[in-house]
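Numbering (this note's numbering), first residue to last: 26 to 271.
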Amino acid sequence: MNELLGKKVLVTGGSRGIGAATAVALAEGGADVAITYNSSADAAASVVKEIEALGRRGFAYAVDSGDAVAVGDGVRRAAEALGGLDILVNNAGVGAIAPIGELSLEDVDRVIAVNVRGAYAAAQAAVPELSDGGRMIHLGSCVTGRVPGPGMTLYAMSKSAMTGLSQSLARELGSRGITSNVVHPGPIDTDMNPADGPFAAAQITNLSLPRFGTTAEVAAAITYLAGPNATYITGTALTIDGGHTA
Ligand code: NDP
26 MNELLGKKVL VTGGSRGIGA ATAVALAEGG ADVAITYNSS ADAAASVVKE
76 IEALGRRGFA YAVDSGDAVA VGDGVRRAAE ALGGLDILVN NAGVGAIAPI
126 GELSLEDVDR VIAVNVRGAY AAAQAAVPEL SDGGRMIHLG SCVTGRVPGP
176 GMTLYAMSKS AMTGLSQSLA RELGSRGITS NVVHPGPIDT DMNPADGPFA
226 AAQITNLSLP RFGTTAEVAA AITYLAGPNA TYITGTALTI DGGHTA
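Laid out in structure tokens, this is it:
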């Protein structure tokens, strides 16, 4: 507890799912936390309330990650409200699971805009704001290590970009003591990928541990990478996938 006391954090896409769990877990560790969201204002306000109930400061901003200019502004607004920035969790993302022939170029543009361009814009805006010794943690996916079946082209392509972004940032920011890592969740029970959804049973057959993961299990891994025991870990990946890639 309180290993993150005084740390200032921005979690993109923090209103629901993995981002919301991460925002609360980091606040439990003592951090003040800002989140962005796209349209779930009520859910974002609830996360802020949870953060404040822990005695920390919480902020929420409506920022469409598909709008790179708005993303940059959102990072700067968050840093101003927090009084600096120590940790960026690049989490906002959308799914897109369909055979390649059924995905339009508009689908491609939107998924790349949110999952890739938005993540890039958040990282770019965070670089001058981050304190020396700060952290960046980017959300990839287990499907970048092993594609479980058809329908993953666009989503897996977009999530694979997080590895290149993360490793390159590790090289660029290492001289400031800033680490950059990617986490690769497996099937995690969220609105994006519900454990009782139509694709759930097929996903479980690919796992070593035959169940969906929880948002808390991913949040714990992110909290570890954000914390004082992960100072020499950079440019690498932490996979929390129930053995999907085993
Ligand atoms: P959810 O759909 O449950 O939540 C997504 C969150 O991101 C919400 O807070 C949502 O905000 C926000 N978001 C979505 N689009 C935008 C946008 N355009 N601008 C700003 N915020 C946005 O997703 P998960 O929690 O499941 O996923 C979180 C991350 O983890 C994603 O990057 C995803 O690709 C990755 N991941 C998820 C896995 C899973 O099985 N769940 C597995 C592997 C990776 P709002 O509430 O306003 O819509």
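Built from N, CA and C at the ideal position, the CB exists for glycine as well.
CA nearest to the CA of residue i, picked from the options
{"i": "leucine 30", "options": "Asp111, Asp92 and Ile229", "result": "Asp111"}
{"i": "glycine 211", "options": "Phe84, Thr270 and Arg135", "result": "Thr270"}
{"i": "leucine 263", "options": "Ile60, Ser191 and Gly38", "result": "Ser191"}
{"i": "glycine 55", "options": "Leu128, Arg82, Thr240 and Tyr145", "result": "Arg82"}
{"i": "glycine 159", "options": "Gln228, Met187 and Gly199", "result": "Gly199"}
{"i": "alanine 138", "options": "Tyr180, Ile125 and Pro173", "result": "Tyr180"}
{"i": "glycine 38", "options": "Gly143, Arg102, Leu130 and Ser166", "result": "Gly143"}
Closer than 7 Å: residue i CB and nearest ligand 1 heavy atom
{"i": "serine 193", "result": "no"}
{"i": "phenylalanine 206", "result": "Rather than phenylalanine, the amino acid found at residue 206 in this sequence is asparagine. For ligand 1, not one heavy atom lies less than 7 Å from the Cβ of asparagine 206."}
{"i": "leucine 173", "result": "A small fix is needed here, since residue 173 is proline in this sequence, not leucine. Checking every heavy atom of ligand 1 against the Cβ of proline 173, none is found closer than 7 Å."}
{"i": "lysine 184", "result": "yes"}
{"i": "leucine 250", "result": "no"}
{"i": "methionine 217", "result": "yes"}
{"i": "alanine 50", "result": "no"}
{"i": "asparagine 231", "result": "no"}
{"i": "arginine 41", "result": "yes"}
{"i": "alanine 117", "result": "yes"}
Pair within 8 Å by beta-carbon distance, residue i and residue j
{"i": "serine 185", "j": "asparagine 140", "result": "no"}
{"i": "leucine 107", "j": "methionine 161", "result": "no"}
{"i": "tyrosine 249", "j": "alanine 255", "result": "yes"}
Contacting residues, own chain, Cβ-Cβ under 7 Å from residue i (five flanking each side not counted)
{"i": "glutamate 53", "result": "Leu79"}
{"i": "valine 100", "result": "Leu35, Ala147, Ala150, Ala151 and Glu154"}
Own chain residues within Cβ distance below 6 Å of residue i, not counting five before or after
{"i": "valine 168", "result": "Met177 and Ala181"}
Residues near residue i in its chain [Cβ-Cβ closer than 8 Å; skip 5 each side]
{"i": "phenylalanine 224", "result": "Ile122 and Asn218"}
Query raised in the report: Can we say the segment 152-160 touches the segment 67-74, given the rule of at least three CB pairs closer than 8 Å?
Result: no
**Report entry** Any 3 or more C-beta pairs closer than 8 Å across the segment 113-128 and the segment 34-50
**Finding:** Result yes; three or more Cβ-Cβ pairs closer than 8 Å.
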